[in-house]
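Dropping the structure here:
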């Protein structure tokens with residue numbers, strides 16, 4: 001969703017925080033990274049929808065301003081354009097710095113920006129690897145996630161590739177390598193690793209133009225065993241569309257269901273096949289409704 005910088009107890013957004021970029025329609029619109037050299041500075045990274053010119057940007061939040069209520073002294077600083085709707089982050093092996101990962105649009109290039117006490121690197125580490133993210137703007141849809149140990153990435157590539165890809169990631173150098181894929185899976189959207197890193201989960205929303213087991217219009221949750229390469233459909237959703245997956249601190253994986261008052265839940269994601277325990281109406285949202293996104297976090301191996 002669109003990012004707005006404000007404090008929980010404030011009735012109004014921070015001064016300077018009303019117009020941060022990103023979009024409510026981007027798969028992974030915004031991600032917050034603390035400045036490794038300060039407990040008071042935060043970087044808000046945003047990506048534009050559908051490969052739009054706004055691209056990948058960041059804004060600086062300074063919590064020492066306005067009497068401790070915070071302000072945004074610098075907003076919407078351009079890093080790269082155009083990009084796909086992918087955005088993830090993982091801690092560097094030094095325990096301080098953070099890699100922020102995105103993907104160029106109309107390209108097969110991953111970009112990794114190192115965030116240090118000196119700020120956000122002006123130039124990324126670039127890795128040309130795997131499938132192109134290209135075509136009509138909606139093809140930019142699809143999530144990017146980092147494995148719990150930080151050594152692998154996974155991406156959902158919506159169209160035209162219609163697949164999930166897994167890559168090796170070097171947390172020291174920022175390089176991405178060794179792509180392998182699962183597919184085709186129509187309209188691949190969300191992706192997430194199990195807590196033990198042995199399974200990958202993906203959501204897809206079906207497309208009758210692809211003659212595969214996923215060709216029905218139903219929304220589906222798939223499990224991929226990263227050791228045996230076995231692919232198992234572990235869930236179906238009554239929802240018209242399902243979206244992002246997010247591993248929670250309780251070890252469960254949560255599934256966004258568009259315009260629904262429940263999230264789906266994978267209760268035992270380390271378990272093989274249906275034993276993973278997908279429940280469609282898994283977590284009641286207390287009168288609120290989900291869209292296709294879930295909040296992203298820095299992976300801390």
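Residue numbers (the numbering used here): 1 to 301. Ideal Cβ placement from N, Cα and C applies to all residues, glycine included.
Can you find a CB in chain B that lies within less than 9 angstroms of the CB of residue i?
| i | result |
| --- | --- |
| residue 226 | Chain labels in this structure do not include chain B; a single protein chain is all it has. |
With DSSP run on the structure shown, which of helix, strand or coil describes residue i?
| i | result |
| --- | --- |
| residue 134 | coil |
| residue 214 | Residue placement at residue 214 is flagged as unreliable, the pLDDT there being 48, under the threshold of 50; a coordinate-derived value is accordingly withheld. |
| residue 205 | coil |
| residue 139 | helix |
| residue 300 | coil |
| residue 34 | strand |
| residue 264 | strand |
| residue 28 | coil |
| residue 52 | coil |
| residue 273 | helix |
| residue 68 | helix |
| residue 147 | coil |
| residue 286 | coil |
Anyone know if the C-beta pair for residue i and residue j falls short of 9 angstroms?
| i | j | result |
| --- | --- | --- |
| residue 128 | residue 109 | yes |
| residue 156 | residue 147 | no |
| residue 203 | residue 220 | yes |
| residue 296 | residue 31 | yes |
| residue 190 | residue 256 | yes |
| residue 130 | residue 165 | yes |
| residue 228 | residue 273 | no |
Using the C-alpha atoms, what's the distance from residue j back to residue i?
| i | j | result |
| --- | --- | --- |
| residue 20 | residue 112 | 21 angstroms |
| residue 42 | residue 71 | 11 angstroms |
| residue 298 | residue 206 | 30 angstroms |
| residue 317 | residue 181 | No statement about residue 317 is possible, as the shown extent of the chain runs from 1 to 301 and does not include it. |
| residue 269 | residue 77 | 38 angstroms |
| residue 183 | residue 163 | 4 angstroms |
| residue 145 | residue 51 | 19 angstroms |
| residue 209 | residue 281 | In this predicted model, residue 209 has a pLDDT of only 45, less than 50, meaning its place in the structure is not dependable; the value taken from the coordinates is given anyway. One C-alpha to the other measures close to 29 angstroms. |
| residue 96 | residue 300 | 10 angstroms |
| residue 38 | residue 283 | 36 angstroms |
| residue 242 | residue 90 | 25 angstroms |
| residue 178 | residue 133 | 17 angstroms |
| residue 125 | residue 57 | 16 angstroms |
| residue 237 | residue 218 | 7 angstroms |
| residue 304 | residue 81 | In the structure displayed, the chain extends from 1 to 301; residue 304 sits before or after that span and is not available. |
So does the stretch 116-126 actually touch the stretch 83-90, counting three or more Cβ pairs closer than 8 angstroms? no
At least 3 beta-carbon pairs within less than 8 angstroms: the stretch 282-299 vs the stretch 22-31: yes
Inter-stretch contact (C-beta, 8 angstroms, three-pair minimum) for the stretch 52-68 and the stretch 186-198: no
Closer than 8 angstroms is the cut-off here; do at least three beta carbon pairs connect the stretch 241-257 with the stretch 165-185? no
Ignoring anything shorter than 3 residues, give me the beta strand (DSSP E) runs that lie fully in the stretch 70-123, in order along the chain. 71-80, 88-91, 98-103, 107-116
Can you list, in chain order, the stretches of the alpha helix (DSSP H) that have 4 or more residues and sit fully within the stretch 158-198? Given a length threshold of 4 residues, the stretch 158-198 has no whole run of the alpha helix (DSSP H) inside it.
Hey, which unbroken runs of the beta strand (DSSP E) at 3 residues or more fall wholly within the stretch 226-266? 231-237, 242-247, 253-257, 262-266
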